[in-house]
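Participant: Going down the list, the protein sequences come from chains A and B. Counting in UniProt numbering, the first sequence runs from 1 upward without gaps. Counting in UniProt numbering, the second sequence runs from 1 upward without gaps.
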Amino acid sequence: MQIVQRRRLPLRLIRVRPGGVLPILTILAVLLVLVGIRQPDFLDPPSLMSFLGRSAPIILLAAGQYFVIVCGEFDLSVGSLVTAQVVVAARLIDSDPARTWPVVLLLLAFGAAVGLVNGLITTRLRVPSFITTLGMFLILVGAVYLWSDGSPKGGLSEEFRRFGRRAVEDVPLLGRVPYALLVLLAVAALAVLLTRSDFGRTLVAVGDNPRTAELSGVRVWRTRTIAFILSGLAAAVAAILLGGYSGVSFQAGAGLEFGAITAVVLGGVALGGGRGSVVGAMLGALTLELLFALMNFYGVSGALRSTVQGAIILLAVAVSATRSSAR
Amino acid sequence: MAALAAVTLLALTACATDEPAAGPSGSASAAGSGTGEQSKFFVQADYDAELALLDAAPTGPADKPWEQVLNPTMVDTAKFKKSGPHKICFSNAALNNPWRQVGFKTMQAEVEAQRSRISEFVHVDAEGKDQKQIADINDLLGKGCDALIVSPNTTATLTPAVEAACKAGLPVVVFDRGVNTKCPVTFINPIGGYGFGHVGAEFVSQRMKPGGKVLALRILPGVDVLETRWSAAKVAFDKAKVDVVGVEFTDGDPAKTKKIVDDYIQRYGTIDGLWMDAGAVAVAAVEAFQDAGKPVPPMNGEDQLDFLKIWKDKNLTAIAPTYPTYQWRTPIIAALRILDGQQVSNPWKLPQPTITQDNLDQYLDANMPPLHYAMCGCTDLPGYPQRWK
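Structure (structure tokens):
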């Protein structure tokens, strides 16, 4: 039934390729209704804007993770990369506003470099990305501890924190619009443009069937490496927003890699690659955050969040596997 | 199929949300006032003793609380008398948090201030590992130390190592966390966790509106110094009959703290009181209220400067019980007195001052780094303030 719908529905508003966004939009709508019933205030513009701002980092990470997953790989290093970036930023800025912009640029370069290393090790040394990025995860965790003697030093300037914490005030209708949301919208637009470009199509083709892609002249290793770099860059932007939101923290990025992967899978992107859209992945992240908000309103312990994430991954992959075999 | 997945997922989450919704104050609450069962670590006699010490008048110079003693019981040290200068050795549990880093710098500065009497100061960092500290103490015994200072990593595991050091005949001084043996010449520490927890909880429950909602934030369960803080707060909250809507663990992480506090603000609309067992995440909690556009309720923090600064800037209703870092000066002073054959108190209970609105300005130094602890008693020491930056 779904297959028929996917193939036939002339929904050109949001490009319906295989792995379309209709299912995730449905889930999102249902959750919004449930939240609206339980906590109507939540849907007031100020509260909703603050929720979107707070969710921006995980949505960005989901977008980054999308590029890696859709070409058939994994990036488990993003959580520890976020932590490392926040700790590095605090130490380098050391509460000096003048260093804000140089450090922001450095973080982006650092994110891209970690992505490049992940990509080259995976593609050139043929280490499975699961292992490569797990290794990178451990390396970054260890390096952060070693470098900071177990407690973060320095501090983030107010200028740096602005991106994750402040908002454009007094916007008509909406109230305050968090900078994080504006950053998110800009990055999301870039991501959508990128997926519609030749590179985006190549990326999906590589994930779908790397051999065919190779034979038709695609340099598979380069495409995949770029995907890792994009994920690293997304982690850098997420780190800037998260560091801004909560200040220096040793656990700023803890567990975010699983959150991002769950979101991507929930958004209809097939693990193993070849199917799914970046909009779906980002909506997946938003849905996941909304689900957690709903759980909070019902007084469910925060400890259950990881259980729910695990259940979603298993369920979504199982569904996707059944779908593939039906294809 | 995807639709099916969605339905199943919703069914699953619906199941998960139904049950706790029946008990409206959330999972952390079991007993009537929401504070739950009393901690296994709670000892009534210790609690009573600590609360009594809060009101005790210390002996010693008023301007040097690190030399003061509450209810002193002096012990003879004539047998350790020795001519100087001395070699003093220090086995340190760890340097892995800002409190210990500020404390250790204070101790180093004290050593420098006493340079004429100390020929050598040996410091070994056990990096938070019991086994390493046992080996460290053993190694130090063969290095000709005149006195040994120990800040134990854990109480029970380090006891035999400290006993072995006592047997070697040199004077042993233990501070901060204790050991289960009476063999050290003296054990130095401030009043303790019950006092800390009580001061914060009493302030919060008195200043908030009656019957209001309190959120309690704890670092992690199962650590004695933190369990005592919470168990004293629980007693105070139960007595004041406030509604403790949540007791949550933050892991000392600002990001997690901010999220938890934000969740509670979203869920309950307002929170009327905020208690925490350590000040490290106090600023994150304050920010959560600010960013949500809500007034910051009466709360407690600790003597870290980031909190004192935001307290002053935002005119908060706050209090800061302390676990003073000046206690790192006392072991050096004690060791030198013992080597002089002077009497010292055992136990050496240090006063545990509280920062209030009235004396806030005295402790707030805008030039010191945000993670510095104001109660370091270090302003008269060599290298201040540069050494602590």
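C-beta: ideal position from N, C-alpha, C; glycine also. Here the structure is a predicted model, which is why all the values come from computation and not from measurement.
Do residue 300 (chain B) and residue 320 (chain B) have their C-beta atoms within less than 8 Å of each other?
Facilitator: Within the second sequence, residue 300 (chain B) is the residue found at index 300, counting from 1. Within the second sequence, residue 320 (chain B) is the residue found at index 320, counting from 1. Taking 8 Å as the Cβ cut-off, residue 300 (chain B) and residue 320 (chain B) qualify as a contacting pair.
Participant: With 9 Å as the limit, tell me which residues of the segment 247-265 of chain A have their beta carbon closer than that to any beta carbon of chain B; keep them in chain order.
Facilitator: Per Cβ criterion, the list reads 247, 248, 249, 250, 251, 252, 253 and 254.
Participant: Roughly how many angstroms lie between the CA atoms of residue 126 (chain A) and residue 23 (chain A), to the nearest whole one?
Facilitator: Taking the first sequence and counting its residues from 1, the one referred to as residue 126 (chain A) is at position 126. Taking the first sequence and counting its residues from 1, the one referred to as residue 23 (chain A) is at position 23. Rounded to the nearest angstrom, the two C-alpha atoms are 35 Å apart.
Participant: Residue 155 (chain A) versus chain B: which residues are under 7 Å apart at the beta carbon?
Facilitator: One-based indexing of the first sequence puts residue 155 (chain A) at position 155. Ordered by position in chain B, the residues that pass the 7 Å Cβ test against residue 155 (chain A) are 370.
Participant: In three-state terms, what does DSSP make of residue 198 (chain B)?
Facilitator: Here the question's residue 198 (chain B) lines up with position 198 in the second sequence. DSSP places residue 198 (chain B) in helix when its eight states are reduced to three.
Participant: How far does the beta strand (DSSP E) with residue 270 (chain B) in it extend, from its first residue to its last?
Facilitator: As a position in the second sequence, residue 270 (chain B) is number 270, starting the count at 1. Here residue 270 (chain B) belongs to no beta strand (DSSP E), and DSSP marks it neither H nor E.
Participant: With DSSP as the reference, please indicate the residues paired to residue 206 (chain A) in a beta bridge.
Facilitator: Position 206 of the first sequence, counted from the start, is the residue given in the question as residue 206 (chain A). Partner(s): none; residue 206 (chain A) has no beta bridge.
Participant: With DSSP collapsed to three states, give me the class of residue 189 (chain B).
Facilitator: Numbered from its first residue, the second sequence carries residue 189 (chain B) at position 189. Note: residue 189 (chain B) maps to strand in three-state DSSP.
Participant: Between which two residues does the alpha helix (DSSP H) harbouring residue 296 (chain B) extend?
Facilitator: Residue 296 (chain B) sits at position 296 when you count from the first residue of the second sequence. No alpha helix (DSSP H) holds residue 296 (chain B); DSSP gives it neither H nor E.
Participant: Please check if any C-beta of chain B sits within less than 8 Å of the C-beta of residue 163 (chain A).
Facilitator: Residue numbering aside, residue 163 (chain A) sits at position 163 when the first sequence is read from its first letter. With 8 Å as the cut-off, residue 163 (chain A) does not count as an interface residue toward chain B.
Participant: Between the Cα of residue 46 (chain A) and those of B:81, B:292, B:361 and B:366, spot the shortest distance and give me the residue it belongs to.
Facilitator: The count along the first sequence starts at 1 and reaches residue 46 (chain A) at position 46. Checking every option, the nearest Cα to that of residue 46 (chain A) belongs to B:292.
Participant: Kindly list, in the order they appear in chain B, the residues whose Cβ is closer than 8 Å to that of residue 66 (chain A).
Facilitator: The residue you call residue 66 (chain A) lines up with position 66 of the first sequence. The premise fails here: residue 66 (chain A) is roughly 17 Å from chain B at the closest Cβ pair, so nothing lies under 8 Å.
Participant: Could you give the residue range of the beta strand (DSSP E) that holds residue 92 (chain B)?
Facilitator: The residue given as residue 92 (chain B) occupies position 92 in the second sequence. 86-92 is the span of the beta strand (DSSP E), which, as asked, contains residue 92 (chain B).
Participant: Residues of the segment 223-255 of chain B with a CB closer than 7 Å to any CB of chain A: list them in chain order, please.
Facilitator: Cβ contacts with chain A: 251, 253, 254 and 255.
Participant: I'd like to know whether the C-beta atoms of residue 134 (chain A) and residue 111 (chain A) end up nearer to each other than 8 Å.
Facilitator: Locating residue 134 (chain A) in the first sequence gives position 134, counting from the first residue. Locating residue 111 (chain A) in the first sequence gives position 111, counting from the first residue. No; because the gap between Cβ atoms is not below 8 Å, this pair is not in contact.
Participant: What residues of chain B sit near residue 242 (chain A), judged by a beta carbon separation below 8 Å?
Facilitator: Taking the first residue of the first sequence as position 1, residue 242 (chain A) is located at position 242. Residues of chain B passing the Cβ test: 255.
Participant: How close, in whole Å, do the beta carbons of residue 333 (chain B) and residue 147 (chain B) come, if the pair is a contact with beta carbons under 8 Å?
Facilitator: Here residue 333 (chain B) refers to the residue found at position 333 of the second sequence. Here residue 147 (chain B) refers to the residue found at position 147 of the second sequence. So it is not a contact: roughly 11 Å between Cβ atoms.
Participant: Assuming contact is defined by CB atoms lying nearer than 8 Å, are residue 271 (chain B) and residue 249 (chain B) in contact in what I supplied?
Facilitator: Residue numbering aside, residue 271 (chain B) sits at position 271 when the second sequence is read from its first letter. Residue numbering aside, residue 249 (chain B) sits at position 249 when the second sequence is read from its first letter. No, the Cβ-Cβ distance between residue 271 (chain B) and residue 249 (chain B) is not below 8 Å.
Participant: Whole angstroms are fine: how far does the CA of residue 185 (chain A) sit from the CA of residue 170 (chain A)?
Facilitator: Here residue 170 (chain A) is taken as the residue at index 170 of the first sequence, counted from 1. Here residue 185 (chain A) is taken as the residue at index 185 of the first sequence, counted from 1. Taking the straight line from one Cα to the other gives about 19 Å.
Participant: Is residue 53 (chain B) buried or exposed, if buried means 16 or more other CB atoms sit within 10 Å of its CB?
Facilitator: Locating residue 53 (chain B) in the second sequence gives position 53, counting from the first residue. Under this definition residue 53 (chain B) is a buried residue.
Participant: Under DSSP, the beta strand (DSSP E) around residue 302 (chain B) begins and ends at which residues?
Facilitator: Reading the second sequence from its first residue, position 302 is the one you call residue 302 (chain B). Run containing residue 302 (chain B): none; DSSP gives neither H nor E here.
Participant: How is the beta strand (DSSP E) around residue 318 (chain B) delimited, first residue to last?
Facilitator: Locating residue 318 (chain B) in the second sequence gives position 318, where the first residue counts as 1. Residue 318 (chain B) -> beta strand (DSSP E) spans 318-321.
Participant: Taking the DSSP output, what are the residues bridged to residue 349 (chain B)?
Facilitator: Counting from 1 along the second sequence, the entry for residue 349 (chain B) is found at position 349. Answer by DSSP bridge pairing, in chain order: B:70 and B:189.
Participant: Below 8 Å, how does it come out for the segment 294-307 of chain A and the segment 71-85 of chain A: are there three or more Cβ pairs, yes or no?
Facilitator: Taking 8 Å as the limit for Cβ pairs, the verdict is that the segment 71-85 of chain A does not touch the segment 294-307 of chain A.
Participant: At the level of alpha carbons, what is the spacing between residue 100 (chain A) and residue 206 (chain B)?
Facilitator: As a position in the first sequence, residue 100 (chain A) is number 100, starting the count at 1. As a position in the second sequence, residue 206 (chain B) is number 206, starting the count at 1. In a straight line, the C-alpha of residue 100 (chain A) is about 42 Å away from that of residue 206 (chain B).
Participant: Can you tell which of B:351, B:374, B:93 and B:103 has the C-alpha that lies nearest to the C-alpha of residue 393 (chain B)?
Facilitator: As displayed, chain B neither begins before 1 nor continues past 389, which places residue 393 (chain B) out of reach and without an answer.
Participant: Give the list of continuous beta strand (DSSP E) stretches no shorter than 3 residues that lie fully inside the segment 194-276 of chain A.
Facilitator: Correct list: empty.
Participant: Tell me the DSSP secondary structure of residue 26 (chain A) in three-state form.
Facilitator: Locating residue 26 (chain A) in the first sequence gives position 26, where the first residue counts as 1. The answer is helix: DSSP assigns residue 26 (chain A) an H, G or I state.
Participant: Assign residue 136 (chain B) to one of two classes, buried (16 or more other C-beta atoms within 10 Å of its C-beta) or exposed (fewer than that).
Facilitator: As a first step, residue 136 (chain B) must be located in the second sequence, where it is residue number 136. Burial call: buried.
Participant: Am I right that residue 165 (chain B) and residue 172 (chain B) are in contact with their C-beta atoms under 8 Å? What's the rounded C-beta distance?
Facilitator: Start at 1 with the first residue of the second sequence, and residue 165 (chain B) comes out as number 165. Start at 1 with the first residue of the second sequence, and residue 172 (chain B) comes out as number 172. Yes, residue 165 (chain B) and residue 172 (chain B) are in contact; Cβ-Cβ is about 5 Å, under 8 Å.
Participant: Are the beta-carbon atoms of residue 273 (chain B) and residue 368 (chain B) separated by less than 8 Å?
Facilitator: Within the second sequence, residue 273 (chain B) is the residue found at index 273, counting from 1. Within the second sequence, residue 368 (chain B) is the residue found at index 368, counting from 1. Not in contact: residue 273 (chain B) and residue 368 (chain B) (Cβ atoms no closer than 8 Å).
Participant: Under 8 Å: do the segment 225-235 of chain B and the segment 35-42 of chain B share three or more Cβ pairs, one atom per stretch?
Facilitator: Touching, yes, given that three or more Cβ pairs across the two stretches are closer than 8 Å.
Participant: For the alpha helix (DSSP H) containing residue 387 (chain B), name the first residue and the last one.
Facilitator: The residue given as residue 387 (chain B) occupies position 387 in the second sequence. Segment: none, residue 387 (chain B) is in no alpha helix (DSSP H) and carries neither H nor E.
Participant: Just the Cα atoms here: how many angstroms apart are residue 88 (chain B) and residue 346 (chain B)?
Facilitator: Counted from its first residue, the second sequence places residue 88 (chain B) at position 88. Counted from its first residue, the second sequence places residue 346 (chain B) at position 346. Rounded to the nearest angstrom, the two C-alpha atoms are 20 Å apart.
Participant: In chain B, which residues lie less than 8 Å from residue 297 (chain A) when you measure between Cβ atoms?
Facilitator: Position 297 of the first sequence, counted from the start, is the residue given in the question as residue 297 (chain A). Per Cβ cutoff of 8 Å: 266 and 267.
Participant: Buried or exposed for residue 167 (chain B), going by 16 or more other Cβ atoms inside 10 Å?
Facilitator: The residue labelled residue 167 (chain B) in the question sits at position 167 within the second sequence. By the neighbour-count rule (16 or more Cβ atoms within 10 Å), residue 167 (chain B) is not buried but exposed.
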